[in-house]
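Enquirer: Right, I'll just put the structure down here and ask away after.
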Amino acid sequence: MNLYDIIFYLFAIITIVSATFVVFTKNIVYAAYNLLLTLFGIAGLYVLLGADFIGIVQLIIYVGGILILILFGVMLTNKITDVPIKSGVLQVIPASIGVGMLAGILILIVTNISWRNMELTVPESTIGSLGMLLMNEYILIFELLGMLLLIALIGAANIARK
Amino acid sequence: MNESTLISLSLFALFAPLAGFIITLLTGKRLKTAYLIENFIISLVLLASIIALFVKLAYYVDKDIVSEITWIDLGIVPIMGKLSIELGILLDNVSLIMMFVVSLISALVHYYSIEYMRGDKRYNRYFAYLGIFTFSMMGIVLTHNILMMYIFWELVGLSSYLLIGFWYEKKSASDAGKKAFIVNRIGDLGMFAGILMIFVTYHTFTFDKIFAAIGEGILPFNSEFWLTATGILLFCGAIGKSAQFPLHVWLPDAMEGPTPVSALIHAATMVAAGVYMVTRIFVMLTGDAMLFIATIGALSAFIPATIALTQTDIKKVLAYSTVSQLGYMVMALGVGAYAFGFFHLVTHAFFKAGLFLGSGSVIHSMHHEQDIMKMGGLKKKMPITYWTFLFYSLAISGIPLTSGFLSKDGILASAMSFGSLTGYHIFAVVGFLVALLTAFYMFRLLILTFHGEPKDHHKFDHAHESPALMTVPLIVLAILSIFAFYTLNPLDAQQGWVLNKWITTPTSVVPESARYPFMVNHETHGSAEAHGQIIHSVEYTESLHHSHYPAMFLSLFVALLGIFIAYMMYEKKKMDADKIAGSMKPLYNFSLNKWYFDELYGVIAIGASLRLTEILKWFDNTIIDGIVNGSGWITKVTSAISGWFDNWVIDGAVNAVAYISGFFGIALKKTQTGKVQTYVALAVFGVMVFYFAMRLL
Amino acid sequence: MSSIGLNHFLIISSILFSLGVFGVITRKNAVMVLMGIELILNAANINFVAFSAYGGFPVKGQIIALFVIVLAAAEAAIALAIVLNIYKNFNNVNVDEIDNLRE
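What follows is the structure, encoded as structure tokens:
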């Protein structure tokens, strides 16, 4: 157990526990705040994997953007006067069994396959090389994503306005 | 000025009209003045092509400039070998002269149309169409490979269709558009087959590579016959586009379009594309193919000329005259007079565009009256139109001091020497006959329109000279029809710079055994070689020289004779036109009804389909019905057997199936809840089932 | 030497994925379903980054992760617009009551 391990387990526990709260709590606002914690934990994991830029982007876009959007969704679609904003649940028992099995299977697969055994490679700083790749090899996808965002923006505005 | 500047100028002249088309089309609905953008762009194009032409002729007169990019590189393909398709432009004298002609006439027609089309409800769209037409015509002119030429070929077909049917509310206009498109398609089919033949044999579309391969002795299917066939198939495209016999029927109907369009597309440029294409493939034509081309050209020169004698619609006369003159050019190419054929294309483009624009000016001032029998006396009212029209008529009739004389005389001399060398005198005879007819019908048109007494006083009183935007193009084109632009000697074009330096006949690459005998050069002629004209033998050069003066005097004589007859008949009324028509009633009707070509095609197409339906009917009555009746009997017998089988075995099975599916339906109904989440859950469940299935297997 | 390997990250992402699926299946509220989807996307993202970090090509996987984040943003915007629309039409956002797909 060295420092890396301790930090890893810290973030892993934050992620898993808060994600569990997200899906099990009945109060939507609680769920949203737990999602914040989950995303934060995942950002930590990214940093541990050497993806510093992705970690930062995760915080900025997810926490700063998507989560805020979701909170707005909650506020706009529930009668605020009912103080506990609750979400009902459906078929919890069969779903728990099914998803439990799914998780079991996934973990089984992951642990039983012998992955190509490579060491963790941590580049110095990824921002520069990411920028180069985005502007050279992936320029088409990059432009397409820009277009997609624009379309999504117009589409969302149009749908919500009706 | 270096070569890359020249290439950039040409590329600008090619793509700027496309930009004009897009901009004008997109902004045309909102922006009332969008047409000015198109006019501005075409002015720039004209400027660019003038500069390009001057640079080419001044610095690179003997050099062909090619610029190409690889469009598709297929690498090594099985059977075909290494394969790539290039796009590119070829700048030689012919293409740059043609580019100048196209952009000049296009620009003049643009300016002219500003006035002529004023008040039309699709004003801006009209200019947009002119833009795409100019773009595609430039493409045909500049391309260095036959694939691109075919693409642009179809594009001019499209723009011609759009412009003929521009007033599509009129049924005759939309019908004419369709007719032009479909008739052209028949010719293009042949051209497409020819292109396929070339690609299969030479694995390339580029002209230079094809010619080089033919020069090395590679022939389609290793036979000269198939080389002839390829040439004729490619020429089929020209038959359609240049309205040659027997596909000439679309051009007169195309006069339903606006008159400036007729001047641009159906007189000067697009219909000349066919002739231009023949000049491009000239070096790969065998003697047989050229004889075929000459025959088609002679037929299309003669037949429409006789039709034009009796037509009364001013534009129809000019349309038939166009077909006839195009036939002249094709015939010239067919008899081996490459330079004269192309020269006539250029001169004809100017004066025929002028004639159409002049007729447009008349039609405009007469409030869209096109019948020459209702005109007359317009000379005083419209002096500029009259004098330019007169000059064009002199040019097309072949009177000295005009450009038309130079080119026409050259063609006739070539036809004569061709006759004396090969024995086919018929081409020269047809040439002189057509020259006579041309002079006659042009002056008949001129006299009936501008001289004499006005027949429709109401319209005559309102007639007026057209505004400057319409008369200036007329004057410009008339100036360009003066001999001095082409040669200093008004009687012989051979000594001028156009034919001496600019347009030189290329060397044929066809095997010598397949050429005309006189196109094989046995002994090198010193002075001819210096000019690069080594394709003709010495006999041909001498024969052409000998036939020059006889041809000149004879053509001058027939032209003057034609004018004289027309003058006597319509101006002095010494001969009664109606009486002559009455005395030759069958011939007159034959000509008036355009040799019954439309009816003939109607009968062939409709008669053939009627015949086919009769055959099909017989087939139906005897064979199909017999089979049906026989099978009816068999069915009766088998149905008795199967009826028993049905009642017991099938019904039992069906009921069982129904019961089983009903059972499952009831069971599975519960899964179709319409809730998205159920479906997600089932999908997850499905993934797990897959996993276990994979594990067990 | 650290004992953490590729498998650790993969296990975390598996658990996150399963939790996401659970959220999507069991929650009534459409917004909660969206949160589940975000969890699933993040699980996939962890996989991308982890595989690229341990596979010897560290930056390319991150690019894909970046694209996924962008897509998630677009998806969230559209989905919330749809949810708002549903709310206007049905006056609630409970996905189990919106079963027009059955008809």
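Chains as they are written, first to last, in the working numbering: chain A, 724 to 885; chain B, 962 to 1658; chain C, 23 to 125. Ideal Cβ positions, reconstructed from N, Cα and C, are used throughout, including at glycine.
(1) In the stretch 804 to 884 of chain A, which residue ranges form an unbroken beta strand (DSSP E) of at least 3 residues, counting only runs that do not cross its ends?
(2) With DSSP run on the structure shown, which of helix, strand or coil describes R1079 of chain B?
(3) Can you pull the DSSP bridge partners for G1042 of chain B?
(4) Checking the sheet assignment: what are the DSSP bridge partners for S1326 of chain B?
(5) Can you pull out the residues from the stretch 36 to 61 of chain C whose beta carbon lies closer than 7 Å to at least one beta carbon of chain B?
(6) Counting only beta-carbon atoms, is V1645 of chain B nearer than 7 Å to chain A?
(7) Can you find a CB in chain B that lies within less than 7 Å of the CB of V92 of chain C?
(8) Using a Cβ-Cβ cut-off of 7 Å, state whether V806 of chain A counts as contacting chain B.
(9) What does a CB cutoff of less than 7 Å around L1406 of chain B pick up in its chain, not counting 5 residues either side in sequence?
(10) According to DSSP, is I1026 of chain B part of a helix, a strand, or is it coil?
(11) Taking the straight line between their C-alpha atoms, what separation do you get for V1641 of chain B and V55 of chain C?
(12) Just to make sure I have the definition right: I need the residues of chain A whose C-beta is within less than 7 Å of the C-beta of Y1652 of chain B. Which are they?
(13) Measuring only between beta-carbons, confirm whether N107 of chain C sits less than 7 Å from chain B.
(14) For the candidate residues C:I26, C:V46, C:L41, C:A52, whose alpha-carbon lies nearest to that of N107 of chain C?
(15) Leaving out the 5 sequence neighbours to the left and right, which residues in its chain are closer than 8 Å to A1491 of chain B when beta-carbon positions are compared?
(16) Of all Cβ atoms in chain B, is any one closer than 7 Å to the Cβ of L825 of chain A?
(17) So, at 6 Å on beta carbons, what are the nonlocal neighbours of M1403 of chain B in its own chain, with the 5 sequence-adjacent residues on each side left out?
(18) Reducing DSSP to helix, strand and coil, say where D728 of chain A ends up.
(19) Report yes or no: do the stretch 1438 to 1454 of chain B and the stretch 1309 to 1323 of chain B share at least 3 C-beta pairs separated by less than 8 Å?
(20) From the DSSP secondary-structure annotation, give me the bridge partner or partners of E1047 of chain B.
(21) Do you know how far the Cα of L1150 of chain B is from the Cα of A1300 of chain B?
(22) Tell me the DSSP secondary structure of H1486 of chain B in three-state form.
(23) Who are the neighbours of A1642 of chain B on chain A, taking C-beta pairs under 7 Å?
(24) Since V1291 of chain B and S1203 of chain B should fall inside the 8 Å C-beta cutoff, what is the C-beta to C-beta distance between them, to a whole number of angstroms?
(25) Since M1649 of chain B meets chain A, which of its residues come closer than 8 Å, beta carbon to beta carbon?
(26) Please determine if the stretch 1008 to 1026 of chain B and the stretch 966 to 984 of chain B are in contact, where contact requires at least 3 C-beta pairs separated by less than 8 Å.
(27) Might you give, ordered along the chain, the residues of its own chain that have their beta carbon closer than 8 Å to the beta carbon of L979 of chain B, omitting 5 neighbours on each side?
(28) Does the Cβ of R49 of chain C have 16 or more other Cβ atoms within 10 Å, making it buried, or fewer, making it exposed?
(29) Quick check on T1247 of chain B: does DSSP put it in helix, strand or coil?
(30) Measure the C-alpha to C-alpha separation of D1607 of chain B and V1618 of chain B and round it to an integer number of angstroms.
(31) Let me know the secondary structure DSSP gives I1226 of chain B once reduced to three states.
(32) So, using beta-carbon positions, are A1214 of chain B and A1137 of chain B closer together than 7 Å?
(33) For a contact defined as C-beta to C-beta under 9 Å, what are the partners of Y756 of chain A on chain C?
(34) Just to confirm, are L61 of chain C and L38 of chain C a CB contact at a threshold of 7 Å?
(35) If you reduce the DSSP assignment to three classes, tell me which class D1332 of chain B lands in.
Expert: So, to answer that:
(1) none
(2) Here residue 1079 of chain B refers to the residue found at position 118 when the second sequence is read from its first residue. Coil.
(3) For this step, residue 1042 of chain B is matched to residue 81 along the second sequence. Answer is B:V1038, bridged to G1042 of chain B.
(4) Sequence index remark: in the second sequence, residue 1326 of chain B carries index 365 (1-based). Residue pairing by DSSP places S1326 of chain B in no beta bridge whatsoever.
(5) V43, V46, I47
(6) Reading the second sequence from its first residue, position 684 is the one you call residue 1645 of chain B. Yes, its Cβ sits closer than 7 Å to a Cβ of chain A.
(7) Locating residue 92 of chain C in the third sequence gives position 70, counting from the first residue. No, V92 of chain C does not count as interfacial toward chain B.
(8) Along the first sequence, one-based indexing puts residue 806 of chain A at 83. Per-residue confidence for V806 of chain A stands at a pLDDT of 49, beneath the threshold of 50, marking its modelled position as unreliable; the derived number appears in the next sentence. Output row for V806 of chain A: interface = no.
(9) By 1-based counting over the second sequence, the position of residue 1406 of chain B is 445. Here the set comprises I1275, V1278, I1333.
(10) Taking the second sequence and counting its residues from 1, one reaches residue 1026 of chain B at position 65. I1026 of chain B: strand per DSSP, three-state reduction.
(11) Taking the second sequence and counting its residues from 1, one reaches residue 1641 of chain B at position 680. Taking the third sequence and counting its residues from 1, one reaches residue 55 of chain C at position 33. Rounded to whole angstroms, V1641 of chain B to V55 of chain C spans 11 Å at the Cα level.
(12) On the second sequence, position 691 is the one that residue 1652 of chain B refers to. The answer, in chain order, is I828.
(13) Taking the third sequence and counting its residues from 1, one reaches residue 107 of chain C at position 85. No, because no Cβ of chain B sits closer than 7 Å to the Cβ of N107 of chain C.
(14) Taking the third sequence and counting its residues from 1, one reaches residue 107 of chain C at position 85. Closest by alpha carbon: C:A52.
(15) Walking along the second sequence from the start, residue 1491 of chain B turns up at place 530. In this predicted model, A1491 of chain B has a pLDDT of only 40, less than 50, meaning its place in the structure is not dependable; the value taken from the coordinates is given anyway. Residues of the same chain with a CB within less than 8 Å of the CB of A1491 of chain B, apart from the 5 flanking positions on each side, do not exist.
(16) Numbered from its first residue, the first sequence carries residue 825 of chain A at position 102. Residue contact with chain B for L825 of chain A: present (Cβ-Cβ distance below 7 Å to some residue of chain B).
(17) Here residue 1403 of chain B is taken as the residue at index 442 of the second sequence, counted from 1. Counting only Cβ-Cβ distances below 6 Å, and skipping sequence neighbours, we find S1354, I1357, S1358.
(18) For this step, residue 728 of chain A is matched to residue 5 along the first sequence. Of the three classes helix, strand and coil, the one that applies to D728 of chain A here is helix, per DSSP.
(19) Short answer: they touch.
(20) Counting from 1 along the second sequence, the entry for residue 1047 of chain B is found at position 86. Beta-bridge analysis with DSSP links E1047 of chain B to B:T1031.
(21) Residue numbering aside, residue 1300 of chain B sits at position 339 when the second sequence is read from its first letter. Residue numbering aside, residue 1150 of chain B sits at position 189 when the second sequence is read from its first letter. Roughly 28 Å between the two C-alpha positions.
(22) In the second sequence, counting from the first residue as 1, residue 1486 of chain B sits at position 525. Low confidence applies to H1486 of chain B: its pLDDT is 44, below 50, so where it sits in the model is not reliable enough to give any reading.
(23) Within the second sequence, numbered from 1, the residue matching residue 1642 of chain B stands at position 681. Ordered by position in chain A, the residues that pass the 7 Å Cβ test against A1642 of chain B are A818, G821.
(24) Your numbering for residue 1291 of chain B matches position 330 in the second sequence. Your numbering for residue 1203 of chain B matches position 242 in the second sequence. Right, their Cβ atoms sit about 7 Å apart.
(25) Within the second sequence, residue 1649 of chain B is the residue found at index 688, counting from 1. Near M1649 of chain B (Cβ distances below 8 Å), the residues of chain A are G821, M824, L825, I828.
(26) yes
(27) Position 18 of the second sequence holds residue 979 of chain B. Counting only Cβ-Cβ distances below 8 Å, and skipping sequence neighbours, we find G1092, I1093, F1096.
(28) By one-based count along the third sequence, residue 49 of chain C stands at place 27. The residue is buried, with at least 16 neighbouring Cβ atoms inside 10 Å.
(29) Looking up residue 1247 of chain B in the second sequence gives position 286. In the structure shown, T1247 of chain B sits in coil (DSSP, three-state: anything other than H, G, I, E or B).
(30) Position 646 of the second sequence holds residue 1607 of chain B. Position 657 of the second sequence holds residue 1618 of chain B. Each residue's Cα considered, the two are about 15 Å apart.
(31) Sequence index remark: in the second sequence, residue 1226 of chain B carries index 265 (1-based). In the structure shown, the three-state DSSP call for I1226 of chain B is helix.
(32) For the purposes of this step, residue 1214 of chain B is taken as residue 253 along the second sequence, with counting starting at 1. For the purposes of this step, residue 1137 of chain B is taken as residue 176 along the second sequence, with counting starting at 1. It should be noted that the sequence gives Asp, not Ala, for residue 1214 of chain B. Result yes, Cβ atoms of D1214 of chain B and A1137 of chain B sit closer than 7 Å.
(33) Position 33 of the first sequence, counted from the start, is the residue given in the question as residue 756 of chain A. Here the premise fails: no neighbours, minimum Cβ distance about 11 Å.
(34) Taking the first residue of the third sequence as position 1, residue 61 of chain C is located at position 39. Taking the first residue of the third sequence as position 1, residue 38 of chain C is located at position 16. Yes, these two residues count as a Cβ contact at 7 Å.
(35) For the purposes of this step, residue 1332 of chain B is identified with residue 371 of the second sequence, where counting begins at 1. Strand at D1332 of chain B.
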